[in-house]
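Trainee: Quick one: the structure is below, questions incoming.
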């Protein structure tokens, strides 16, 4: 068993390291295509799904859309499943104030969560619309968002354009900084690499998609927690082309608490696993519209989640082995394969963050280290979410709060990570006392676990400190 687990972890580390090699060939200069003067502007229908959102946050989003330097567009605000009338009534009034291009819909009972709201919006979209723009409730767009991007669609084979999922108001507090830089490596680096192979992820915000392509694909998937990337996968699977631009055209809000941060990542992972289970034929069928490298990029992204699931599954194995080692019935070196696998994972994480943050993004040491801690802090969450998504069918969509709020206790959101991480640390000390240097193999494995797991309590504590300041 330890050989199998260790081999899987080493393999995952090697596959992930391949992205750093690809990065050397990627170009960050993806110029925007601006339509020539006098060219007819394609009509764009923006869909803004909201659910129990703070009115002041949504108002900033809608006013930013109203400032777009573009003539041919409409905005559909689809409020779904909001019980508190005081949350959606002000948005309804604001849409009336902003004029006829802003239309508001309140749905008391909307099945399918965000995807259901987006499908409702498709049914109410103006017939003249050529493109659908999706903007989250907290994203403030820049005025040139459409003017600089619609030109990409002059090429008929381009089906969707994705811009970075960027953030605002993150720089003043350590927790927000750590979250921001952990997010940003995906949009500044991973998406750049994937774009070279037409394998980008659709993020579900700051996206432009051909309306007829969505219709041909069958609309948004109401069974999936990540309806955005699921639609992107179906579009690419049908032979479509996509564009990713590295320029930021809108910014949203970073989660305010570590519980929110975990909940958001859990939703992303479970949604991804749902896609794996539903769309496995896309990756196995021959012939397929997806190229081998497109499939590889998707599988590599999912492999990181599988790696964390393996780490979570290996914890009972290590605890049982540690008990046997301390009892003297097992050799301290029995965990060597697993120890090598865990060390390879941690080493790959360290090297990746050094290259990505220090070399590619020129981020200072403090923020680079903070991003690495944030990344490690999600190991337990991602691993458990992967296992849940693999073994259960229906899941509830959990929105990320868009307003600062307090938690009853920061430790309550990380009890499992804190308990298991502390056990690993204590066992490492116990093995060191009993065997000294002779137990180094077991000690390395336990310290790797402790690092990955105890990063979570640190993040939760840091978020609580920031919230109280």
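Numbering (the numbering used here), first residue to last: 69 to 537. Beta carbons are placed, not taken as given, at the ideal position from N, Cα and C, and that holds for glycine.
#1: Under a three-way DSSP split, which group does residue 95 fall into?
#2: Name the DSSP beta bridge partners of residue 378, please?
#3: Within the same chain, show all residues whose beta-carbon is closer than 7 Å to that of residue 96, passing over the 5 residues directly before and after it, in chain order.
#4: For residue 360 and residue 414, I'd like the C-alpha separation in whole angstroms.
#5: Rounded to whole angstroms, what's the CA-CA distance from residue 83 to residue 184? Just pull it up for me.
#6: Here's a check: name, in chain order, each residue in its chain whose Cβ is nearer than 6 Å to the Cβ of residue 297, leaving out the five neighbours to either side.
#7: Assign residue 537 to one of two classes, buried (16 or more other C-beta atoms within 10 Å of its C-beta) or exposed (fewer than that).
#8: Once you ignore the five residues that flank residue 382 on each side, which residues in its own chain have a CB closer than 7 Å to its CB?
#9: Can the beta-carbon of residue 235 be found less than 8 Å from the beta-carbon of residue 321?
#10: Alpha carbon to alpha carbon, how far is residue 165 from residue 180?
#11: Give the range of the alpha helix (DSSP H) segment to which residue 349 is assigned.
#12: Let me confirm a value: residue 421 is counted as buried when at least 16 other C-beta atoms fall within 10 Å, else exposed. Which label applies?
#13: Straight-line CA distance for residue 439 to residue 196?
#14: What number of angstroms, rounded off, separates the C-alpha of residue 441 from the C-alpha of residue 250?
#15: Along the beta strand (DSSP E) that carries residue 510, what are the first and last residues, could you check?
#16: When DSSP labels each residue in this structure, what does residue 78 get in the three-state scheme?
#17: Using alpha carbons as the reference points, say which of 412, 476, 114, 85 lies closest to residue 130.
#18: Are residue 169 and residue 213 close, meaning C-beta to C-beta below 8 Å?
#19: Any contact of the region 297-307 with the region 339-353, i.e. 3+ C-beta pairs under 8 Å?
#20: Where does residue 274 land, buried or exposed, given buried means 16+ other C-beta within 10 angstroms?
#21: Does the region 185-195 come into contact with the region 284-298, if we say contact requires no fewer than three beta-carbon pairs (one atom in each stretch) closer than 8 Å?
#22: Where in the region 414-493 do unbroken runs of the alpha helix (DSSP H), each at least 4 residues long, occur, reported from the N-terminal end onward?
#23: Less than 8 Å separating the beta-carbons of residue 311 and residue 457?
#24: From the DSSP output, which residues share a beta bridge with residue 223?
Mentor: The relevant details are as follows:
#1: Indexing the chain shown from 1 puts residue 95 at position 27. For residue 95, the pLDDT reaches just 48, beneath the cut-off of 50, and the residue's location in the model is therefore unreliable, although a value from the coordinates is still provided. Three-state result, residue 95: coil.
#2: Taking the chain shown and counting its residues from 1, the one referred to as residue 378 is at position 310. Residue 378 pairs with nothing; no bridge assigned.
#3: Taking the chain shown and counting its residues from 1, the one referred to as residue 96 is at position 28. Here residue 96 scores only 48 on pLDDT, less than 50, and its place in the model should not be relied on; the value that follows carries that caveat. Here the set comprises 260, 314.
#4: In the chain shown, residue 360 corresponds to position 292, counting from 1. In the chain shown, residue 414 corresponds to position 346, counting from 1. Residue 360 and residue 414: Cα-Cα distance of roughly 29 Å.
#5: By 1-based counting over the chain shown, the position of residue 83 is 15. By 1-based counting over the chain shown, the position of residue 184 is 116. Going from the Cα of residue 83 to the Cα of residue 184 covers about 36 Å.
#6: Within the chain shown, residue 297 is the residue found at index 229, counting from 1. So the list reads 269, 270, once near-sequence residues are dropped.
#7: In the chain shown, counting from the first residue as 1, residue 537 sits at position 469. Counting Cβ neighbours within 10 Å, residue 537 comes out exposed, since fewer than 16 surround it.
#8: The residue given as residue 382 occupies position 314 in the chain shown. The residues are 73, 406.
#9: Residue mapping note: residue 235 aligns to position 167 of the chain shown, counting from 1. Residue mapping note: residue 321 aligns to position 253 of the chain shown, counting from 1. A contact, by the Cβ cut-off of 8 Å.
#10: What you label residue 165 is simply residue 97 of the chain shown in a count that begins at 1. What you label residue 180 is simply residue 112 of the chain shown in a count that begins at 1. Roughly 30 Å separates the two Cα atoms.
#11: Position 281 of the chain shown holds residue 349. Here the alpha helix (DSSP H) through residue 349 covers 326-352.
#12: Numbered from 1 along the chain shown, position 353 holds the residue referred to as residue 421. Flag for residue 421 reads buried.
#13: What you label residue 439 is simply residue 371 of the chain shown in a count that begins at 1. What you label residue 196 is simply residue 128 of the chain shown in a count that begins at 1. Roughly 44 Å between the two C-alpha positions.
#14: As a working mapping, residue 441 is identified with position 373 in the chain shown. As a working mapping, residue 250 is identified with position 182 in the chain shown. About 9 Å.
#15: For the purposes of this step, residue 510 is taken as residue 442 along the chain shown, with counting starting at 1. Element bounds for residue 510: not the beta strand (DSSP E) but the alpha helix (DSSP H), 508-536.
#16: Here the question's residue 78 lines up with position 10 in the chain shown. Three-state result, residue 78: helix.
#17: As a first step, residue 130 must be located in the chain shown, where it is residue number 62. Selected option, being the one with the closest Cα: 114.
#18: Sequence index remark: in the chain shown, residue 169 carries index 101 (1-based). Sequence index remark: in the chain shown, residue 213 carries index 145 (1-based). For residue 169 and residue 213, no; Cβs fall outside 8 Å.
#19: yes
#20: As a position in the chain shown, residue 274 is number 206, starting the count at 1. Buried.
#21: yes
#22: 433-445, 447-459
#23: Position 243 of the chain shown, counted from the start, is the residue given in the question as residue 311. Position 389 of the chain shown, counted from the start, is the residue given in the question as residue 457. No; because the gap between Cβ atoms is not below 8 Å, this pair is not in contact.
#24: Residue numbering aside, residue 223 sits at position 155 when the chain shown is read from its first letter. Answer is none; residue 223 lacks a bridge partner.
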